[in-house]
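Protein chains in written order, with the working numbering: chain S, 1 to 349; chain W, 350 to 698.
Structure first, then comments.
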């Protein structure tokens with residue numbers, strides 16, 4: 001948690017702008033298969049305690065999927081959107097995509113001798129993240145992302161992310177990042193899919209960074225990923241068509257950008273939306289404003305022992321206005337400590 | 350055909366930029382159901398003559414769907430992308446979305462007395478499309494699109510298009526625009542879907558203009574539409590979340606933009622791609638550069654009697670470089686006159 005403060009001077013928006021460029025893929029266990037097996041075994045949500053939260057989820061799904069029910073939603077219109085960082089996988093002590101960028105700077109440093117004297121790279125290479133980002137703000141993040149997420153073809157970037165995510169370890173747990181996913185949410189994704197929901201990720205993270213591993217880990221295919229992105233340009237490189245990643249943000253899929261991204265990619269108001277921070281507020285507002293039955297849920301990080309506990313004062317996963325609105329409007333809030341029987345597939349932090 | 354010349358001074362790109370803002374929906378017969386019924390009856394492509402073109406299509410589909418075949422493509426990776434104007438529905442004497450814009454100008458004119466003296470509106474209202482667009486080029490088209498496709502919520506725009514497309518008639522045939530779809534292509538879309546392909550539209554036309562009717566007419570849902578778009582902004586209007594359409598182009602899904610749009614929305618290289626003009630060239634190049642078996646087809650408008658005949662010299666559906674490349678590289682070219690037994694579901698032009 002202390003590392004949060006290191007990034008206190010960096011705006012979340014600036015950081016996400018930087019993320020607009022990324023893709024990644026490769027772990028060992030097809031975790032979603034585990035969840036799907038559990039669902040097939042009878043209890044679709046074995047890692048959820050039998051609390052009001054679980055009851056609200058199940059009641060909603062039964063209500064919209066029961067033929068003849070006044071709230072019945074046709075299969076084609078069943079859309080569930082999930083934020084990723086802090087909702088499907090962890091985001092502490094720092095967004096994992098940022099840690100990827102830092103690792104890339106270290107790998108690329110030998111090809112950039114000028115970085116020794118140039119911020120934010122100089123401080124990053126000395127291991128001083130705070131100093132690296134303190135002075136630069138958006139500019140520092142943009143430089144970091146441009147240097148690590150652009151200047152190559154999209155295919156090359158996907159491979160870089162796949163290689164990284166197949167090997168890099170989380171600084172606290174020592175686990176692969178793709179193991180740092182929430183078992184109850186894997187079950188929820190599978191449960192909704194078993195009920196004919198189309199499941200989408202709608203994240204401030206990079207669309208390609210996610211596509212590199214989301215199909216394997218969540219069972220969510222590339223065409224169901226909505227995220228931030230760098231500008232991409234079609235080119236013929238030695239006669240071969242490629243998509244080049246340019247050092248320029250194209251779309252920021254965060255906050256008010258989420259409904260825009262949802263409309264652009266899906267063209268339907270979600271039936272159900274799941275998030276964990278103020279960056280998800282507009283997605284939840286947009287979802288709940290749709291006609292007919294709608295469902296909104298916030299994952300509230302309340303378990304300092306098994307995971308992390310943070311909300312209103314945290315820079316990462318800042319949850320303040322959205323929590324107030326959830327309470328005022330009766331949206332469902334999942335209290336990790338009380339509602340979740342398990343946290344990660346491997347256990348706890 | 351003569352009306353093509355009226356738009357000779359207008360660049361296709363400028364026109365499409367203007368289209369970046371549109372949506373529409375409503376006809377009588379679920380045409381795709383007809384095609385699906387035919388497919389179910391045994392012959393999946395009854396409106397295709399038994400020529401090399403049909404044989405090439407069927408051979409490709411059988412090759413990639415046969416389990417154990419070295420060219421087998423898993424269902425999750427089977428993606429077919431279709432251009433819309435001139436590939437799935439007609440585009441003469443002018444892109445239908447442009448005719449929609451002209452109709453909107455007439456409807457909106459009473460609220461814009463200033464249009465009487467302001468181009469391109471003044472000439473349009475006098476029925477002189479040539480003069481309306483001759484002087485202005487991109488600016489005239491942009492003004493036309495901004496005035497007719499933006500300044501309202503996305504939902505309002507969808508309803509406007511639905512109302513229009515449910516009633517407006519094609520200037521030559523007197524048919525609803527949604528009847529001006531190609532029966533052989535409806536069958537092809539259904540045939541590919543029956544073989545577990547995910548079918549997408551990738552068009553220079555407006556994404557919302559298409560979403561208003563493509564699910565009903567082609568069986569292609571909103572989340573499978575890739576198109577040009579105006580900038581859209583999330584706002585709270587009297588406390589209600591809406592997406593406002595702004596008078597600013599966001600994305601032009603044409604030419605080199607098509608592979609970019611495909612990657613952004615689908616994240617996979619298509620297995621098969623279908624187009625009819627130089628605006629589809631890069632989509633076909635991008636598709637054929639993918640690893641493993643790929644298929645590219647151009648619809649060549651060769652039937653002046655039953656439809657329209659045009660290619661290298663036409664402004665609408667300009668087909669020149671793509672035809673050369675198809676011939677040079679052995680891509681499949683569907684000759685409408687010789688390969689198609691029928692043109693429209695209702696018959697011929």
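Even glycine gets a Cβ: it sits at the ideal position worked out from N, Cα and C.
{"Asked": "Please report the residue range of the beta strand (DSSP E) in which residue 92 of chain S lies.", "Found": "Run containing residue 92 of chain S: none; DSSP gives neither H nor E here."}
{"Asked": "What would DSSP say about residue 85 of chain S, mapped onto helix, strand or coil?", "Found": "strand"}
{"Asked": "For residue 581 of chain W, return the contacting residues in chain S, with the cut-off set at a CB-CB distance below 8 Å.", "Found": "260, 263, 264"}
{"Asked": "Shortest alpha-carbon distance to residue 674 of chain W belongs to which of W:633, W:685, W:518, W:664?", "Found": "W:633"}
{"Asked": "With which residues is residue 699 of chain W paired in a DSSP beta bridge?", "Found": "Here chain W comprises residues numbered 350 to 698, so residue 699 of chain W is not present and cannot be evaluated."}
{"Asked": "Applying the criterion that 16 or more other CB atoms from any shown protein chain within 10 Å of the CB defines a buried residue, is residue 629 of chain W buried or exposed?", "Found": "buried"}
{"Asked": "Report yes or no: is there a C-beta of chain W within less than 9 Å of the C-beta of residue 222 of chain S?", "Found": "yes"}
{"Asked": "With a threshold of 16 other CB atoms inside 10 Å of the CB of residue 556 of chain W, please say whether the residue is buried or exposed.", "Found": "buried"}
{"Asked": "List, in chain order, every chain W residue whose beta-carbon is nearer than 8 Å to that of residue 240 of chain S.", "Found": "638"}
{"Asked": "Only counting the same chain, and skipping five residues up and downstream in sequence, which positions put a Cβ closer than 6 Å to that of residue 29 of chain S?", "Found": "Bear in mind that a pLDDT of 39 at residue 29 of chain S, under 50, signals an unreliable position, so the number given afterwards is only what the model happens to contain. Cβ neighbours of residue 29 of chain S beyond the five flanking positions: none."}
{"Asked": "What residue does the alpha helix (DSSP H) around residue 407 of chain W start on, and which one ends it?", "Found": "401–414"}
{"Asked": "Is residue 177 of chain S near residue 89 of chain S, with beta carbons less than 9 Å apart?", "Found": "yes"}
{"Asked": "From which residue to which residue does the alpha helix (DSSP H) around residue 339 of chain S run?", "Found": "336–339"}
{"Asked": "Since residue 543 of chain W is in the alpha helix (DSSP H), which residue starts that stretch and which ends it?", "Found": "532–543"}
{"Asked": "When you measure from the CB of residue 284 of chain S to every non-hydrogen atom of the ligand ATP, does any distance come out below 8 Å?", "Found": "Summarising the ligand content, the structure contains no ligands, and the ligand ATP is consequently not present."}
{"Asked": "Kindly indicate which residue of W:429, W:416, W:407, W:417 has the alpha-carbon position closest to the one of residue 635 of chain W.", "Found": "W:429"}
{"Asked": "Do residue 378 of chain S and residue 329 of chain S have their CB atoms nearer than 9 Å?", "Found": "Here chain S has residues from 1 to 349 only, and residue 378 of chain S is not among them."}
{"Asked": "Could you tell me whether the Cβ atoms of residue 578 of chain W and residue 549 of chain W are closer together than 9 Å?", "Found": "no"}
{"Asked": "In the DSSP assignment, the alpha helix (DSSP H) including residue 123 of chain S goes from what residue to what residue?", "Found": "121–125"}
{"Asked": "Look up residue 45 of chain S in the DSSP assignment and say whether it is helix, strand or coil.", "Found": "coil"}
{"Asked": "Of all Cβ atoms in chain S, is any one closer than 9 Å to the Cβ of residue 375 of chain W?", "Found": "For residue 375 of chain W, the pLDDT reaches just 31, beneath the cut-off of 50, and the residue's location in the model is therefore unreliable, leaving the point undetermined."}
{"Asked": "For the segment 153–180 of chain S, list the beta strand (DSSP E) runs that are entirely contained and at least 3 residues long, ordered along the chain.", "Found": "none"}
{"Asked": "Looking only at its chain, what residues have a beta carbon closer than 8 Å to the beta carbon of residue 332 of chain S, apart from the 5 residues adjacent to it on each side?", "Found": "53, 56, 57, 295, 296, 297, 298, 326"}
{"Asked": "So, using beta-carbon positions, are residue 276 of chain S and residue 227 of chain S closer together than 9 Å?", "Found": "no"}
{"Asked": "If you draw a straight line from the alpha carbon of residue 239 of chain S to that of residue 616 of chain W, how long is it in whole angstroms?", "Found": "22 Å"}
{"Asked": "How about residue 208 of chain S: is its C-beta nearer than 9 Å to some C-beta of chain W?", "Found": "yes"}
{"Asked": "Verify the CB distance criterion: does residue 543 of chain W have a CB-CB separation below 9 Å to chain S?", "Found": "no"}
{"Asked": "Between W:520, W:450, W:567, which lies nearest to residue 510 of chain W when the distance is taken from Cα to Cα?", "Found": "W:450"}
{"Asked": "Determine whether the Cβ of residue 524 of chain W lies closer than 9 Å to any Cβ atom of chain S.", "Found": "no"}
{"Asked": "Using 9 Å as the limit for Cβ to Cβ distance, is residue 635 of chain W near chain S?", "Found": "yes"}
{"Asked": "Output the residue ranges of the alpha helix (DSSP H) runs that lie fully inside the segment 246–276 of chain S and measure 4 residues or longer, sorted by chain position.", "Found": "257–265"}
{"Asked": "Can the beta-carbon of residue 407 of chain S be found closer than 9 Å to that of residue 153 of chain S?", "Found": "Because chain S spans 1 through 349 in this model, residue 407 of chain S falls outside it and cannot be assessed."}
{"Asked": "Rounded to whole angstroms, how far is the Cβ of residue 271 of chain S from the Cβ of residue 64 of chain S, which I believe are closer than 8 Å?", "Found": "7 Å"}
{"Asked": "Quick check: the Cα distance between residue 612 of chain W and residue 211 of chain S, rounded to an integer number of angstroms?", "Found": "11 Å"}
{"Asked": "With DSSP as the reference, label residue 300 of chain S as helix, strand or coil.", "Found": "strand"}
{"Asked": "What would DSSP say about residue 31 of chain S, mapped onto helix, strand or coil?", "Found": "Here residue 31 of chain S scores only 44 on pLDDT, less than 50, and its place in the model should not be relied on; the value that follows carries that caveat. Three-state DSSP puts residue 31 of chain S in a helix."}
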